[in-house]
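Input: a single structure, listed below in structure tokens.
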Ligand code: GDP
């Protein structure tokens with residue numbers, strides 16, 4: 001197909017104004033509150049109340065699954081698009097509960113930047129660190145938002161040091177807090193020398209000559225102004241200057257202080273994202289780098305979700321676009337199988353309602369309804385043979401055998417497990433010795449979801465029994481004969497996963513280590529890239 005130069009110019013222009021990002025945070029740091037405030041700013045929601053939700057009364061946008069309501073946990077990843085000052089933000093929401101970290105990790109393959117939210121009283125927590133490590137693997141640039149500054153908080157220098165030391169990441173403060181806790185008066189932009197008073201709009205920010213500007217003391221009192229004077233100097237001298245290149249290569253994070261609850265610092269953060277966060281970048285595939293401005297469409301599936309809407313029983317594949325332009329009615333090629341996939345009604349997950357999108361651009365995420373053809377990790381193109389890399393699978397931490405209450409349902413169970421495995425809800429391993437399949441999940445909650453979906457959607461009541469295995473690893477090696485030897489020797493403890501890859505199952509970590517010692521020519525992986 002011939003493409004006019006103006007088309008590629010338009011694609012490049014649209015790509016350049018996209019900012020696709022996720023929020024990473026330990027539960028309770030304020031991700032939901034911040035999401036809501038970001039969406040409000042982008043004018044994206046009438047549904048502020050729907051994002052906001054607490055404790056037992058917690059309602060999420062995605063009340064698709066009953067278990068979400070029962071447990072008060074958002075199981076599904078969704079995408080929220082909003083526009084501000086000509087920048088289109090795609091916020092890819094990630095489930096907060098750690099049991100669903102696999103979904104979260106995969107979502108991080110589809111973003112170009114992340115906002116790391118810290119609770120100012122707690123700093124870096126376990127989940128923050130885990131998620132950060134995934135960002136680091138992928139060199140995702142990170143903007144830090146230190147939240148809850150309206151409450152008792154740790155000292156800013158202390159927090160900055162902690163980020164620097166525990167994450168081995170340079171920190172460049174952009175905004176500095178003026179006053180603390182109940183005395184918190186606002187933030188001061190160290191570079192623009194702008195003071196933003198708390199509970200005022202961004203437009204009310206005042207540009208000062210510096211922390212010594214007498215207007216500051218008038219606004220916040222001499223004591224807080226003096227403190228800022230001392231700290232601003234120290235902060236500028238003690239931390240590296242913000243540097244766009246270093247931020248974009250993932251070695252330096254700009255830091256903003258604020259309070260999501262009081263909607264303070266959120267506009268500043270959004271400005272920072274608009275200004276610093278990268279638009280979609282060239283992405284590596286197995287054959288070449290793909291530039292976002294290219295005329296032909298490419299994208300990959302990072303999530304599959306079934307039954308989101310009881311009226312649409314089909315599955316929806318979440319596709320992140322990497323190049324080109326998507327329009328209604330296109331036919332795309334699923335590279336793995338060579339099949340044509342019609343995209344008659346691409347879906348935007350804009351707020352709560354599915355909307356029929358007219359067009360989508362690099363950086364955008366669209367939903368493609370299908371009957372189970374599309375899998376996590378699939379690449380879609382207009383015909384070119386290329387595969388994007390990097391959508392990971394993680395070795396499950398819980399392995400179980402399935403107990404069927406009614407043996408007559410064995411065949412149905414097989415179909416159900418197979419479909420749920422394709423969706424990424426569960427991992428499935430078929431032992432080579434012919435014994436029944438083993439299911440693997442990252443966390444207990446995922447088992448509950450599996451059980452509920454088997455019963456409700458497939459009419460298969462089932463339970464789970466402890467299995468003799470604790471650990472699973474994918475096996476690779478250049479020497480095929482060595483793999484075969486390993487399989488021969490360990491017939492009872494090896495299996496294939498849903499994609500036909502070979503895995504080893506171990507009863508203990510000691511056994512895993514021993515296998516590694518005995519077969520140094522093989523690699524035992526806890527993470528596998530899907531493609
Ligand atoms: P999530 O688990 O990360 O999504 O956290 P939430 O957004 O649900 O927030 C957890 C709790 O912290 C809630 O009670 C919020 O009201 C509270 N919270 C969030 N942001 C702030 C803030 O800036 N200041 C204060 N004081 N509380 C906050």
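Residue numbers (UniProt numbering): 1 to 531. All C-beta atoms in this analysis are idealised placements derived from N, C-alpha and C, irrespective of residue type, glycine included.
The three-state reading of DSSP puts residue 327 in strand, counting E and B together.
Residue 443 sits away from residue 426, with the two beta carbons spaced by 8 angstroms or more. Here the region 412-431 does not lie against the region 321-333, with fewer than 3 beta-carbon pairs under 8 angstroms apart.
Inclusion of residue 234 and residue 211 in the CB contact set at 8 angstroms is not warranted, their separation being larger than that value. Residue 175 has its CB no nearer than 7 angstroms to any heavy atom of the ligand GDP. Residue 204 holds the alpha-carbon nearest to the alpha-carbon of residue 268 among 290, 204, 300 and 280.
Contact between the region 397-404 and the region 461-473 is established, with three or more Cβ pairs separated by less than 8 angstroms.
By the Cβ criterion, the region 482-500 is not in contact with the region 443-456, since fewer than three pairs of Cβ atoms, one from each stretch, lie closer than 8 angstroms.
Three or more pairs of CB atoms, one per stretch, sit closer than 8 angstroms, so the region 22-32 contacts the region 122-140. Remark: C-beta atoms of residue 94 and residue 86 do not approach each other more closely than 8 angstroms.
Distance from the CA atom of residue 206 to the CA atom of residue 217, rounded to whole angstroms, is 13 angstroms. Each residue's CA atom was taken as its position, placing residue 274 and residue 19 some 7 angstroms apart. In the DSSP assignment, residue 405 falls outside any beta strand (DSSP E), carrying neither H nor E.
For the options 305, 179, 140 and 168, the alpha carbon positioned closest to that of residue 149 is the one of 179. Of 361, 344 and 333, the smallest CA-CA separation from residue 374 is found for 333. Assignment of residue 291 by DSSP, reduced to helix, strand and coil, places it in the coil class. In this structure residue 346 touches residue 328 by the C-beta definition: roughly 7 angstroms separates them, less than 8 angstroms. In the three-state reduction of the DSSP assignment, residue 122 falls in the coil class. Just so you know, the alpha carbons of residue 155 and residue 224 end up roughly 14 angstroms apart. When C-alpha distances from residue 330 are compared across 504, 383, 519 and 281, the shortest belongs to 383. At the C-beta level, residue 362 and residue 278 stay beyond 8 angstroms of one another. Under DSSP, the beta-bridge partners assigned to residue 474 are 503 and 525.
Look at residue 507: its beta carbon is at least 7 angstroms from all of the heavy atoms in the ligand GDP. Counting only residues of its own chain and dropping the five nearest sequence neighbours on each side, residue 525 has a CB closer than 7 angstroms to the CB of 473, 474 and 476. Boundaries of the beta strand (DSSP E) harbouring residue 20: 18-25, taken from the DSSP string.
Taking every protein chain shown into account, the CB of residue 415 has fewer than 16 other CB atoms within 10 angstroms, so this residue is exposed. Taking the C-beta atoms as reference points, residue 34 is found nearer than 8 angstroms to residue 266. By the beta-carbon neighbour count (other beta carbons within 10 angstroms, threshold 16), residue 337 is exposed.
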